[in-house]
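Number of protein chains: 2
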Amino acid sequence: MNNTKIKIIEAAEVEFAINGFSGASIRSITSSAGVNTAAINYHFGTKEDLFKEVFRYRIEPINTERMAMLDEAYAKNEGRPLPLVEVVEIIIRPLFTKLIGEDSNNFYFLRAMGKGMGEERDFMKSLHRDVMQKVIERFSQAISESLGNPDFKKIGYGMHFLSCILVGAMMKHGNLEQMSCGEVDLTHTQSLIDHLITFISGGLKSISEMDQK
Amino acid sequence: MNNTKIKIIEAAEVEFAINGFSGASIRSITSSAGVNTAAINYHFGTKEDLFKEVFRYRIEPINTERMAMLDEAYAKNEGRPLPLVEVVEIIIRPLFTKLIGEDSNNFYFLRAMGKGMGEERDFMKSLHRDVMQKVIERFSQAISESLGNPDFKKIGYGMHFLSCILVGAMMKHGNLEQMSCGEVDLTHTQSLIDHLITFISGGLKSISEMDQK
DNA sequence: GTTTGATTCAAACAAATGTTTGAATTTGGG
DNA sequence: CCCAAATTCAAACATTTGTTTGAATCAAAC
Numbered sequence: 003m004n005n006t007k008i009k010i011i012e013a014a015e016v017e018f019a020i021n022g023f024s025g026a027s028i029r030s031i032t033s034s035a036g037v038n039t040a041a042i043n044y045h046f047g048t049k050e051d052l053f054k055e056v057f058r059y060r061i062e063p064i065n066t067e068r069m070a071m072l073d074e075a076y077a078k079n080e081g082r083p084l085p086l087v088e089v090v091e092i093i094i095r096p097l098f099t100k101l102i103g104e105d106s107n108n109f110y111f112l113r114a115m116g117k118g119m120g121e122e123r124d125f126m127k128s129l130h131r132d133v134m135q136k137v138i139e140r141f142s143q144a145i146s147e148s149l150g151n152p153d154f155k156k157i158g159y160g161m162h163f164l165s166c167i168l169v170g171a172m173m174k175h176g177n178l179e180q181m182s183c184g185e186v187d188l189t190h191t192q193s194l195i196d197h198l199i200t201f202i203s204g205g206l207k208s209i210s211e212m213d214q215k
Numbered sequence: 003m004n005n006t007k008i009k010i011i012e013a014a015e016v017e018f019a020i021n022g023f024s025g026a027s028i029r030s031i032t033s034s035a036g037v038n039t040a041a042i043n044y045h046f047g048t049k050e051d052l053f054k055e056v057f058r059y060r061i062e063p064i065n066t067e068r069m070a071m072l073d074e075a076y077a078k079n080e081g082r083p084l085p086l087v088e089v090v091e092i093i094i095r096p097l098f099t100k101l102i103g104e105d106s107n108n109f110y111f112l113r114a115m116g117k118g119m120g121e122e123r124d125f126m127k128s129l130h131r132d133v134m135q136k137v138i139e140r141f142s143q144a145i146s147e148s149l150g151n152p153d154f155k156k157i158g159y160g161m162h163f164l165s166c167i168l169v170g171a172m173m174k175h176g177n178l179e180q181m182s183c184g185e186v187d188l189t190h191t192q193s194l195i196d197h198l199i200t201f202i203s204g205g206l207k208s209i210s211e212m213d214q215k
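First to last, the sequence lines map onto chains X and R.
Numbering of the first sequence is given in the working numbering, commencing with residue 3 and proceeding in unit increments.
Numbering of the second sequence is given in the working numbering, commencing with residue 3 and proceeding in unit increments.
Right, here's the structure in full:
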């Protein structure tokens with residue numbers, strides 16, 4: 003990919019992370035990328051197109067890895083249902099570790115995407131559908147199996163909470179000054195991942211064991 | 003409170019809910035409230051001041067009720083640690099039920115606040131600190147007791163996830179067209195509350211039982 | 001070296017932004 | 001009824017917004 007395009011994408015991640023889609027401006031992105039104001043429209047089309055490109059540029063390798071890891075785990079288990087924590091770990095780990103070391107924009111990317119998921123614009127909804135739907139369906143199925151195929155409504159709630167907590171955690175990850183709840187240094191990615199996996203697995207298990215009403 | 007002020011607050015909730023703080027404009031709020039463009043600046047000061055007022059107007063009664071419920075539960079239990087689900091329920095239930103029946107802006111308010119919590123502007127950080135800090139500290143303590151006072155770091159993570167999941171759930175609550183994961187009708191508040199309480203309690207419990215490293 | 005296509009640039013575009021102004025209107029107490 | 005304060009209003013303010021334009025610059029192939 004073009005040099006200018008990459009500079010724009012990386013600057014855009016930072017701006018989108020801090021200010022969200024609406025709050026980030028073309029000029030703040032281009033000036034911090036050190037390119038001309040018109041460069042975004044020339045290379046990407048519109049501001050929305052830029053956001054989509056940033057989203058895809060980062061999330062697609064993550065989703066590819068997730069799918070591959072799930073395939074591999076199922077192969078190793080000869081098609082039997084996987085332990086719940088294993089499935090949850092496959093959802094979470096690539097999200098936080100894939101980019102570490104490759105470049106340092108990782109923190110910003112997660113926050114940008116977390117905020118983007120909250121946007122209710124049409125382009126964001128269809129982007130989410132295009133990029134995430136297959137992955138969500140696949141992992142819903144895997145989690146359902148791990149939990150012994152409970153009522154499907156429970157899986158729906160579980161996946162909803164899982165996505166909520168990931169969006170929330172992504173939005174705040176790496177942002178040290180963030181509010182919430184003292185004491186926790188959200189830049190310690192490894193510890194965050196461990197606790198996230200434990201929390202989500204425990205939550206899903208509890209829901210699957212709920213009394214039916 | 004003045005009639006115009008209330009009309010503005012209610013219109014602002016809707017606009018902030020759909021478009022976030024940056025995405026909502028003074029003119030869209032005033033025109034859907036049926037008041038003059040200058041009314042916001044006259045009655046509230048700035049756009050930020052309006053957001054703060056909306057936030058306080060809704061969240062303060064909720065927090066008052068939360069504190070009262072916690073006091074009452076402790077009194078009934080003669081000061082002994084409460085069951086975890088009870089504490090979690092006190093955090094969650096007032097958030098979703100307080101406004102139901104009183105008016106129908108409830109859904110919008112939750113989404114507006116959920117998105118607002120994601121804003122990284124200074125005014126939002128200090129607003130959060132002013133309005134939420136005491137409540138968070140109090141409930142951190144209560145949850146810690148319910149879990150048998152585990153390592154404080156675990157409570158930190160737990161409260162972080164709890165806040166993440168609430169923000170995420172609020173952001174999407176009542177927004178039917180939302181993405182995420184089919185099958186779940188997020189407007190069925192009662193069922194959502196039950197599942198939320200179960201999920202969060204299960205997650206917190208799992209974290210408290212984690213191996214120390 | 002010339003030519004062709006891709007890229008960059010400064011400048012301008014119209015529209016939307018939050019806020020202010022000062023005159024008009026409404027309100028309520030004396 | 002009158003006055004003074006509070007409120008509403010249309011209009012304008014200066015910025016900022018996303019996007020477009022057309023000339024200038026660059027790159028590479030012939």
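For glycine and all other residues, C-beta sits at the position ideal for the given N, C-alpha and C.
Q.
If we define contact as Cβ-Cβ less than 9 angstroms, is Thr-99 of chain X a contact residue for chain R?
A. no
Q) Taking C-beta to C-beta, are Val-89 of chain R and Ala-70 of chain R nearer than 9 angstroms? A) no
Q.
I'd like to know whether the C-beta atoms of Met-161 of chain R and His-197 of chain X end up nearer to each other than 9 angstroms.
A. no
Q: Could you tell me whether the Cβ of Phe-18 of chain R comes closer than 9 angstroms to any Cβ of chain X?
A: Chain X, which has no Cβ nearer than 9 angstroms to the Cβ of Phe-18 of chain R, makes this no.
Q: Assign Ser-27 of chain R to one of three DSSP states: helix, strand, or coil.
A: coil
(Q) For Gly-150 of chain X, would you say it is in contact with chain R, using Cβ-to-Cβ distances shorter than 9 angstroms as the test? (A) no
(Q) With H, G and I counted as helix, E and B as strand and the rest as coil, what does DSSP make of Gly-184 of chain R? (A) Because Gly-184 of chain R sits at a pLDDT of 47, beneath the cut-off of 50, its placement in the model cannot be relied upon, and the following sentence gives the value as read from the coordinates. Of the three classes helix, strand and coil, the one that applies to Gly-184 of chain R here is coil, per DSSP.
Q. If you follow the alpha helix (DSSP H) that Phe-125 of chain R is part of, which residue opens it and which one closes it?
A. 124-148
**Q.** Opening and closing residue of the alpha helix (DSSP H) in which Phe-201 of chain R lies
**A.** In the DSSP assignment, Phe-201 of chain R falls within the unbroken alpha helix (DSSP H) covering 191-210.
Q | Burial state of His-130 of chain X, where buried means 16 or more other Cβ atoms lie within 10 Å | A | buried
Q: Jot down the residue ranges of each uninterrupted alpha helix (DSSP H) in the segment 37-108 of chain R, minimum 4 residues, whole runs only, in chain order.
A: The segment 37-108 of chain R contains these whole alpha helix (DSSP H) runs: 41-45, 49-78 and 86-99.
Q.
With the cut-off set at 9 angstroms, would you say Ile-94 of chain X and Leu-168 of chain X are in Cβ contact?
A. yes
Q: Would you mind stating whether Met-172 of chain X and Leu-86 of chain X have Cβ atoms separated by less than 9 angstroms?
A: no
Q | Residue burial classification, Ala-144 of chain X (beta-carbon count within 10 angstroms, cutoff 16) | A | buried
Q) What residues from chain R crowd round Gly-25 of chain X, counting only those whose CB sits closer than 7 angstroms? A) Ser-24
Q: Could you check what DSSP says for Glu-179 of chain R in three-state terms: helix, strand or coil?
A: Confidence at Glu-179 of chain R is low in this model, with a pLDDT of 46, below 50, so the placement of that residue should be treated as unreliable; the coordinate-derived value is given next. Reduced to three states, the DSSP call for Glu-179 of chain R is coil.
Q: Tell me, to the nearest whole angstrom, how far the beta carbon of Leu-149 of chain X is from that of Ser-210 of chain X; I am working on the premise that it is less than 8 angstroms.
A: So it is a contact: roughly 4 angstroms between Cβ atoms.
Q. Using a C-beta to C-beta distance shorter than 8 angstroms, which residues of chain R count as neighbours of Gly-204 of chain X?
A. Gly-204, Gly-205, Leu-206, Lys-207, Ser-208 and Ile-209
Q | Other residues of its chain near Glu-55 of chain R: CB distance less than 7 angstroms, five sequence neighbours each side excluded | A | By the criterion of a C-beta distance shorter than 7 angstroms, Glu-55 of chain R is surrounded in its chain by Ile-11 and Phe-46, once the five residues flanking it on both sides are discounted.
**Q.** Where Ile-20 of chain R sits in the DSSP three-state scheme
**A.** For Ile-20 of chain R, the secondary structure class from DSSP, reduced to helix, strand or coil, is helix.
Q.
Let me confirm a value: Ile-8 of chain R is counted as buried when at least 16 other C-beta atoms fall within 10 Å, else exposed. Which label applies?
A. exposed
(Q) Using a 10 Å radius around the Cβ and a threshold of 16 neighbouring Cβ atoms, would you call Thr-200 of chain R buried or exposed? (A) buried
Q: Grab me the residues of Met-119 of chain X's own chain with a C-beta within less than 6 angstroms of its C-beta, minus the 5 sequence neighbours each way, in chain order.
A: Take Met-119 of chain X, set aside five residues on each side of it, and the residues of its chain with a beta-carbon closer than 6 angstroms to its own are Val-169, in chain order.
**Q.** Beta-carbon proximity check, Ile-42 of chain X vs Thr-32 of chain X, cutoff 9 angstroms
**A.** yes
Q: Mark Tyr-44 of chain R as exposed unless 16 or more other C-beta atoms lie within 10 angstroms of its C-beta, in which case mark it buried.
A: exposed
Q: Below 6 angstroms CB to CB, which residues in the same chain sit around Ala-35 of chain X once its five sequence neighbours on both sides are set aside?
A: Lys-9, Ile-10 and Ala-13
Q. Helix or strand or just coil, what does DSSP make of Glu-15 of chain R?
A. Glu-15 of chain R: helix per DSSP, three-state reduction.
**Q.** Alpha-carbon to alpha-carbon, Ile-138 of chain X and Asp-73 of chain R
**A.** 41 angstroms
(Q) I need the DSSP call for Asn-151 of chain R, collapsed to helix, strand or coil. (A) coil
Q: For my contact list, Gly-158 of chain X and Gly-22 of chain R are in at a C-beta cut-off of 8 angstroms; report their separation, rounded to the angstrom.
A: The pair is not a contact, with the Cβ atoms about 26 angstroms apart (cut-off 8 angstroms).
**Q.** Beta carbon of Phe-125 of chain X nearer than 9 angstroms to that of Glu-62 of chain X
**A.** no
(Q) With distance defined between alpha-carbon atoms, name the residue in X:Ser-27, X:Val-37, X:Ile-64 and X:Ala-26 nearest to Asn-4 of chain X. (A) X:Val-37
Q: Note down, in chain order, each residue of its chain lying with its Cβ closer than 6 angstroms to the Cβ of Pro-152 of chain X, except the 5 sequence neighbours on either side.
A: Ser-210
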